[in-house]
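Student: FYI, the numbering for the sequence shown is 13 to 153, going by our numbering. Structure in structure tokens, see below.
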Amino acid sequence: MPPKKKTHEVTLALEAGNAAMVDLGKMLGPTGANMRAVKVEYDEATSKNRGEIIPVIVSVYEDRSHTLAYKTPPTSFLIRKALGIQSGASNPLTQTVGTLSATQVKEIAERKLPDLNANDIDAAIQIVSGTARSMGVKVNV
């Protein structure tokens with residue numbers, strides 16, 4: 013049996029354990045995928061991380077079946093969560109919204125490592141530190 017032909021690939025950033033049907037409808041409506049099945053599958057797989065933003069890549073095939081590939085939360089989301097802030101600085105050059113410890117940066121880097129373009133933890137720490145600085149967050153590394 014030949015492999016199924018992929019017709020659409022959509023990346024969504026949804027709230028873990030509580031995907032909104034409105035968001036799914038906007039993005040998946042044109043693909044013909046079963047939005048309810050995608051929501052149920054996503055919510056079950058991400059329920060242990062409720063409250064986080066977990067990106068997912070939805071691949072839709074010509075028979076309207078689908079597969080989900082989960083990613084790690086965005087780095088900026090993890091930094092904001094670690095600091096307990098709502099957003100980064102409006103002007104990161106002159107404002108500081110918080111300070112990340114070396115331990116916090118390493119924890120975020122370890123969690124993000126599978127999705128980063130980095131071969132080791134040191135490179136991942138550099139990437140996370142750069143993202144933090146661009147948000148107006150001081151990094152103690």
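Idealized CB from N, CA, C, for every residue including glycine. Every value quoted in this text rests on a predicted model; they were computed, and no experiment measured them.
#1: To the nearest angstrom, how far is it from the Cα of T106 to the Cα of R48?
#2: Pick helix, strand or coil for L80, following the three-state DSSP scheme.
#3: Would you mind sorting Q116 into buried or exposed? The rule is 16 or more other CB atoms within 10 Å of its CB.
#4: Here's the rule I'm using: 16 or more other beta-carbon atoms within 10 Å means buried, otherwise exposed. How should P85 be labelled?
#5: Put A25 into one of helix, strand or coil per three-state DSSP.
#6: Going by DSSP, what residues sit across from S71 in a beta bridge?
#7: Cβ atoms of L26 and I66: under 9 Å apart, would you say?
#8: Can you list, in chain order, the residues of its chain whose CB lies under 6 Å from that of A101, leaving out five sequence neighbours each side?
#9: From which residue to which residue does the alpha helix (DSSP H) around V117 run?
#10: The alpha helix (DSSP H) with K51 in it runs from where to where?
#11: For the 8 Å Cβ check, are there 3 or more pairs between the region 117 to 136 and the region 72 to 81?
#12: Between the C-alpha atoms of A144 and I69, what's the straight-line distance to the nearest angstrom?
#13: Return the Cβ separation of I120 and A94 in integer angstroms, given the expectation that the two are a contact with Cβ distance under 8 Å.
#14: Checking the sheet assignment: what are the DSSP bridge partners for T111?
Tutor: Put simply:
#1: Walking along the sequence shown from the start, residue 106 turns up at place 94. Walking along the sequence shown from the start, residue 48 turns up at place 36. Straight-line measurement puts the Cα of R48 at about 46 Å from the Cα of T106.
#2: Residue mapping note: residue 80 aligns to position 68 of the sequence shown, counting from 1. Strand, per DSSP.
#3: As a working mapping, residue 116 is identified with position 104 in the sequence shown. Counting Cβ neighbours within 10 Å, Q116 comes out buried, since at least 16 surround it.
#4: Against the sequence shown, residue 85 aligns to sequence position 73. P85 is buried by the Cβ-count criterion.
#5: Start at 1 with the first residue of the sequence shown, and residue 25 comes out as number 13. In the three-state reduction of the DSSP assignment, A25 falls in the strand class, which pools E and B.
#6: Here residue 71 refers to the residue found at position 59 when the sequence shown is read from its first residue. By DSSP's assignment, S71 forms a beta bridge with E21 and T79.
#7: The residue given as residue 66 occupies position 54 in the sequence shown. The residue given as residue 26 occupies position 14 in the sequence shown. Yes, the pair counts as a contact, with Cβ atoms nearer than the cut-off.
#8: Locating residue 101 in the sequence shown gives position 89, where the first residue counts as 1. Q107, V109 and G148.
#9: Locating residue 117 in the sequence shown gives position 105, where the first residue counts as 1. Taken as a continuous stretch (DSSP letters only), the alpha helix (DSSP H) holding V117 covers A114 to K124.
#10: Mapped onto the sequence shown, residue 51 falls at position 39. For K51, the enclosing alpha helix (DSSP H) begins and ends at M47 to T58.
#11: Too few Cβ pairs lie closer than 8 Å, so no.
#12: As a first step, residue 144 is located in the sequence shown; it is residue number 132 there, counting from the start. As a first step, residue 69 is located in the sequence shown; it is residue number 57 there, counting from the start. Each residue's Cα considered, the two are about 25 Å apart.
#13: As a position in the sequence shown, residue 120 is number 108, starting the count at 1. As a position in the sequence shown, residue 94 is number 82, starting the count at 1. Between I120 and A94 the beta-carbon gap is near 7 Å, inside 8 Å, which marks them as a contact.
#14: Mapped onto the sequence shown, residue 111 falls at position 99. Per DSSP, the beta bridge partners of T111 are K150.
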